[in-house]
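There are 2 protein chains.
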Amino acid sequence: MSPQFATTDVASYMQQLGREARRTSSQLRRATSAAKNAALAAMAARLAASREALLTANESDLERARASGLDAALLDRLALSEARIEAMIEGLHQVAALPDPVGAIDDLRTRPSGIQVGQMRVPLGVIGIIYESRPNVTLEAASLCLKSGNACILRGGSEARESNAAIAECIVAGLADAGLPESAVQVVAMTDRAAVGELIAMPEYVDVIIPRGGKSLIERVARDAKVPVIKHLDGVCHVYIDASADRDKALAIAVNAKTQRYGTCNTLETLLIDAPVAGELLPELAAAYAEHRVELRGCERTRELLPGIKAAEEADWSAEYLAPVLAIRVVDGIDAAIAHIERYGSHHTDAIVSESYTLSRRFLAEVDSSSVMVNASTRFADGFEYGLGAEIGISTNKLHARGPVGLEGLTTRKYIVLGDGQIRE
Amino acid sequence: MSPQFATTDVASYMQQLGREARRTSSQLRRATSAAKNAALAAMAARLAASREALLTANESDLERARASGLDAALLDRLALSEARIEAMIEGLHQVAALPDPVGAIDDLRTRPSGIQVGQMRVPLGVIGIIYESRPNVTLEAASLCLKSGNACILRGGSEARESNAAIAECIVAGLADAGLPESAVQVVAMTDRAAVGELIAMPEYVDVIIPRGGKSLIERVARDAKVPVIKHLDGVCHVYIDASADRDKALAIAVNAKTQRYGTCNTLETLLIDAPVAGELLPELAAAYAEHRVELRGCERTRELLPGIKAAEEADWSAEYLAPVLAIRVVDGIDAAIAHIERYGSHHTDAIVSESYTLSRRFLAEVDSSSVMVNASTRFADGFEYGLGAEIGISTNKLHARGPVGLEGLTTRKYIVLGDGQIRE
């Protein structure tokens, strides 16, 4: 629980958690959906009965955070409230209501040898999750890992340690209520930073690491991990308005993708506009963005049409502003748009606005991003909007899970073979 | 081409290959199946016209290898022959005949917002393949990467360098014949070992590394790589003969899984036998194994039934013999069998022989291996037997591709969203 532990203590503590998680994972693999759902419901009941304790623990974290001068945005992420606790409880019921991915068998086919071959969806095993100040991630992560049949080790931010400990008590009690092993969910009690270093370097005990938080955390974890990392890096998202675009759709999408929320990874950062329609649309767009106080930064051709705005510099094309700032570039057709996205984009989410069948198909096929859209706002790139029912994060990896990651991303598939005594000749 | 290059030369050479591969990968992403198949056919024609040149280049590699004292097994892997060249040509036609995985769209569904969301199968991008002495891997790897729309960088063993260069000439000529970029397949000409170090540490240019070869190569690559590695480690495979097993199936499977080939990763290494049938079956099995000159190493209970055999030591339970040696253990029922597999196995391929519906289902669900079988020989764990049509390797990873990896394992899926102007409220 405290930084006076020597590094070897941290190492042996984390090894102990790892061994326990690995052991438990083989029990969880065989847990029924009914048992997992009962545990989720029991956790919800425990949370509901612990509102006071949760708020008290959280207040203590908040006091410490205020004393150490945390900024308002971080304090807001750290804070629990009656409403946030309600949302956590509701979240548990939602996860319980999702279909269990474990055990589904696809494509069972008979081969010429007579064996039947298929693939069965199974848990990954042990998942390590590393996150920052939001204590509700503790519950979200625990519920998704449990529902997908995985044991998990959760390492939250030290600023949320009392809140996380209080939530962990509810989780563990809920598991016990439902007869599942308490070590299905283990919250790392040591706030020593070395604990993260250990967690990401135990391939014998941990199958995958999911870091959730700022870019520097994710980069550090990805660089040092000895196990696969499902990671989310930049979201430099584009909307390309093609000459054939419907004017109303173009305006609505370009404005919504930028202004519906500024701090999210699927927010528009660079608007590309086809030269033939730039003269008509840019002034209208500029007026709409002005209402939202979005600062525009344009290429030379954009500035000819919108003389007042700032010039975009090279760095603007690859900037993830996460703020009311938008880069705009006039391009000559879809090839130039795709080339721009390929050069400067982050392969997260990119959209075309177009009425052309052929260009829409080309954009879908050729843009190499985790989400590629036609005539829809980039803000739809989200596990809930996609119907995954829940989201542990958005992956910018190409392998395993790409884009929003739901329960299925926490599982894998093994081959199963059903025979009648077949041998190989 | 030679070890006198300084390390910086190797680095800039590999960076150059990487940049070129990345550039080419966006052209390959949009290549039609027809163009890719035409290139495969053209490569086959080029190979057919180059038999002499291939055999001459190979003879020169073989001479050098003999002079440096390579053993007979390695010389055999290195050697080309008319028959092996025929097999390479035939392999190209087989890959051309496989369905193209790229562009398939799954599960396009309409969401409450009105957007349609689906997943489109797309190439990974750039694949680096590192292998040892067999020159035909050059062609196999190139054909599978091309068919799946990926650019590739191939690094073969230095002992095969002239053979690989001759094969590379046919590949590049075939690509040009079909109008595809020659840099779709790049064979690393530098035999400097540092080239491997560079290849596995260029995440900006290489999306995944597939090492094919001995365990030490794979472990080294996996340890040092800065990009995901699709790897194949141990194959410590089990057959568990349950008390309910059909006698004939049990004998056939246990003998076939061990003796059909000794050096393959899906070969049986430890036989587990349920106590009630051990007395009846073990003597019959021992007689069958004796015919194949398989050395048996047994637990105490096995040795009571087969007094002449050697005692298995602890290390035998996790040994991958790749040889006519078999460890045998008498266990008490399926729980003990699964516990043994979990403790000592390598999660590769494990089979139960049983007539029990319930125990078969339990074994399938609970054994956490890339292939889990009922009443079939472990030797079936193979891309061709599973109907993948081709196999780039067998993955012991849990994420992305698990088990035999065919064309689909060289692709990923991106989300596509089709809208009519939808924005998020």
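Chains as they are written, first to last, in the UniProt record's numbering: chain A, 1 to 425; chain B, 1 to 425. In this text, a Cβ means the ideal position worked out from N, Cα and C, and glycines have one as well.
Looking at G128/B and V199/B, is the spacing between their C-beta atoms short of 7 angstroms?
Start at 1 with the first residue of the second sequence, and residue 199/B comes out as number 199. Start at 1 with the first residue of the second sequence, and residue 128/B comes out as number 128. The sequence given here places Leu at residue 199/B; Val does not occur at that position. Yes, they are a contact pair.
For the beta strand (DSSP E) containing T411/B, name the first residue and the last one.
One-based indexing of the second sequence puts residue 411/B at position 411. Segment 411 to 422, the beta strand (DSSP E) holding T411/B.
Have a look at M1/B and A87/B and give me their C-alpha separation to the nearest angstrom.
Position 1 of the second sequence holds residue 1/B. Position 87 of the second sequence holds residue 87/B. In this prediction, M1/B has a pLDDT of 39, which is less than 50 and means its spatial position is unreliable; what the coordinates show is noted afterwards. Their backbone Cα atoms lie some 28 angstroms apart in a straight line.
Are the region 304 to 318 of chain B and the region 355 to 368 of chain B in contact at 8 angstroms, needing three or more beta carbon pairs?
no
I130/B - partner residues in DSSP beta bridges
Locating residue 130/B in the second sequence gives position 130, counting from the first residue. In the DSSP output, where bridge partners are listed per residue, I130/B has R155/B, P211/B.
What would DSSP say about Q27/A, mapped onto helix, strand or coil?
Sequence index remark: in the first sequence, residue 27/A carries index 27 (1-based). DSSP places Q27/A in helix when its eight states are reduced to three.
Would you verify that the beta carbon of S2/B is, or is not, closer than 7 angstroms to some beta carbon of chain A?
Counting from 1 along the second sequence, the entry for residue 2/B is found at position 2. Low per-residue confidence applies at S2/B: pLDDT is 41, beneath 50, and the placement is therefore not dependable enough to give any value.
Take S158/B and list the residues in its own chain whose beta-carbon comes closer than 8 angstroms to its own, dropping the five residues that flank it on each side.
The residue you call residue 158/B lines up with position 158 of the second sequence. For S158/B, where only same-chain residues beyond five positions count, the Cβ hits under 8 angstroms are T191.
In whole angstroms, what separates the C-alpha of R413/A from that of I105/A?
Stepping through the first sequence from its first residue, residue 413/A is reached at position 413. Stepping through the first sequence from its first residue, residue 105/A is reached at position 105. The alpha-carbon atoms of R413/A and I105/A are separated by roughly 9 angstroms.
For K310/B, the residue or residues it bridges with in DSSP
For the purposes of this step, residue 310/B is taken as residue 310 along the second sequence, with counting starting at 1. Under DSSP, the beta-bridge partners assigned to K310/B are R297/B.
Could you tell me which chain B residues have their CB closer than 9 angstroms to the CB of P228/A, listed as they occur along the chain?
On the first sequence, residue 228/A is found 228 positions in, with the first residue counted as 1. The contacting residues are P228, N397, K398, L399, H400.
Mind checking if K414/B is an interface residue toward chain A, Cβ cutoff 7 angstroms exclusive?
The residue labelled residue 414/B in the question sits at position 414 within the second sequence. True, the Cβ-Cβ gap to chain A drops below 7 angstroms.
Which residue or residues does DSSP assign as beta-bridge partners of C237/B?
Looking up residue 237/B in the second sequence gives position 237. According to DSSP, which records beta bridges pairwise, C237/B is partnered with L268/B.
Taking 7 angstroms as the CB-CB cut-off, is V206/A touching chain D?
The structure shown contains no chain D; its protein chains are A and B.
7 angstroms Cβ cutoff met for C237/B and T349/B:
For the purposes of this step, residue 237/B is identified with residue 237 of the second sequence, where counting begins at 1. For the purposes of this step, residue 349/B is identified with residue 349 of the second sequence, where counting begins at 1. Yes.
Whole-angstrom distance between P112/A and Q16/A, CA atom to CA atom
On the first sequence, residue 16/A is found 16 positions in, with the first residue counted as 1. On the first sequence, residue 112/A is found 112 positions in, with the first residue counted as 1. Approximately 48 angstroms between the Cα atoms of the pair.
What first and last residue would you give for the alpha helix (DSSP H) that runs through L74/A?
As a working mapping, residue 74/A is identified with position 74 in the first sequence. First-last of the alpha helix (DSSP H) with L74/A: 72 to 78.
Reduced DSSP secondary structure (H/G/I, E/B, other) of D61/A
Taking the first residue of the first sequence as position 1, residue 61/A is located at position 61. Helix.
Buried/exposed call for D242/A, threshold 16 Cβ in 10 Å
Here residue 242/A is taken as the residue at index 242 of the first sequence, counted from 1. By the neighbour-count rule (16 or more Cβ atoms within 10 Å), D242/A is buried.
Flag this pair as yes or no: are the beta carbons of M120/A and I394/A separated by less than 7 angstroms?
Counting from 1 along the first sequence, the entry for residue 120/A is found at position 120. Counting from 1 along the first sequence, the entry for residue 394/A is found at position 394. Judged by beta-carbon spacing, I394/A lies beyond the 7 angstroms limit of M120/A, meaning their Cβ atoms are not closer than that value.
The beta strand (DSSP E) enclosing V196/A, as first and last residue numbers
Residue numbering aside, residue 196/A sits at position 196 when the first sequence is read from its first letter. It is not in any beta strand (DSSP E) - V196/A instead sits in the alpha helix (DSSP H) that spans 194 to 199.
Just how far apart, CA to CA, sit N136/A and I392/A?
Here residue 136/A refers to the residue found at position 136 when the first sequence is read from its first residue. Here residue 392/A refers to the residue found at position 392 when the first sequence is read from its first residue. Distance between the alpha carbons of N136/A and I392/A is about 12 angstroms.
Chain B contact residues for I153/A, given Cβ-Cβ distances below 7 angstroms
Within the first sequence, residue 153/A is the residue found at index 153, counting from 1. Those within 7 angstroms of I153/A in chain B number zero; the least Cβ separation is about 16 angstroms.
With 16 other CB atoms within 10 Å as the buried threshold, where does L98/B fall?
By one-based count along the second sequence, residue 98/B stands at place 98. It counts as buried.
Under three-state DSSP, which class holds Q15/A?
Translated into the one-based positions of the first sequence, residue 15/A becomes position 15. DSSP places Q15/A in helix when its eight states are reduced to three.
Whose Cβ in chain B lies nearer than 8 angstroms to the Cβ of K249/A?
Counting from 1 along the first sequence, the entry for residue 249/A is found at position 249. Chain B residues near K249/A: D420, G421.
Would P228/A be called buried (16 or more neighbouring beta carbons within 10 Å of its own) or exposed?
As a position in the first sequence, residue 228/A is number 228, starting the count at 1. Buried, by the Cβ-count rule.
With a threshold of 16 other CB atoms inside 10 Å of the CB of H232/A, please say whether the residue is buried or exposed.
Residue mapping note: residue 232/A aligns to position 232 of the first sequence, counting from 1. H232/A should be labelled buried.
If the criterion is Cβ atoms closer than 7 angstroms, does the pair G213/B and Y344/B meet it?
One-based indexing of the second sequence puts residue 213/B at position 213. One-based indexing of the second sequence puts residue 344/B at position 344. In this structure, Y344/B does not lie closer than 7 angstroms to G213/B by Cβ.
For chain B, check one thing: does any of its Cβ atoms lie closer than 7 angstroms to the Cβ of N266/A?
Start at 1 with the first residue of the first sequence, and residue 266/A comes out as number 266. Taking Cβ atoms only, chain B never reaches closer than 7 angstroms to N266/A, which makes this a no.
Between the CA atoms of M43/A and L175/A - distance to the nearest angstrom
Locating residue 175/A in the first sequence gives position 175, where the first residue counts as 1. Locating residue 43/A in the first sequence gives position 43, where the first residue counts as 1. Answer to the nearest angstrom: the Cα atoms are 7 angstroms apart.
Find out if the Cβ-Cβ distance for the pair S377/A, G403/A is shorter than 7 angstroms.
As a first step, residue 377/A is located in the first sequence; it is residue number 377 there, counting from the start. As a first step, residue 403/A is located in the first sequence; it is residue number 403 there, counting from the start. No, the pair does not count as a contact, with Cβ atoms beyond the cut-off.
Starting from D107/A, trace the beta strand (DSSP E) both ways and give me its first and last residue.
Residue numbering aside, residue 107/A sits at position 107 when the first sequence is read from its first letter. Segment 105 to 110, the beta strand (DSSP E) holding D107/A.
Between the alpha carbons of G389/A and A312/B, how many angstroms are there, rounded?
Position 389 of the first sequence, counted from the start, is the residue given in the question as residue 389/A. Position 312 of the second sequence, counted from the start, is the residue given in the question as residue 312/B. Spanning the two alpha carbons is a distance of roughly 51 angstroms.
Within 10 angstroms of its Cβ, does R247/B collect 16 or more other Cβ (buried), or is it exposed?
Here residue 247/B refers to the residue found at position 247 of the second sequence. Around the Cβ of R247/B, a 10 Å sphere holds fewer than 16 other Cβ atoms; the residue is exposed.
Taking buried to mean at least 16 other C-beta atoms within 10 Å of its own C-beta, is T8/A buried or exposed?
Working through the first sequence from its first residue, we reach residue 8/A at position 8. Flag for T8/A reads exposed.
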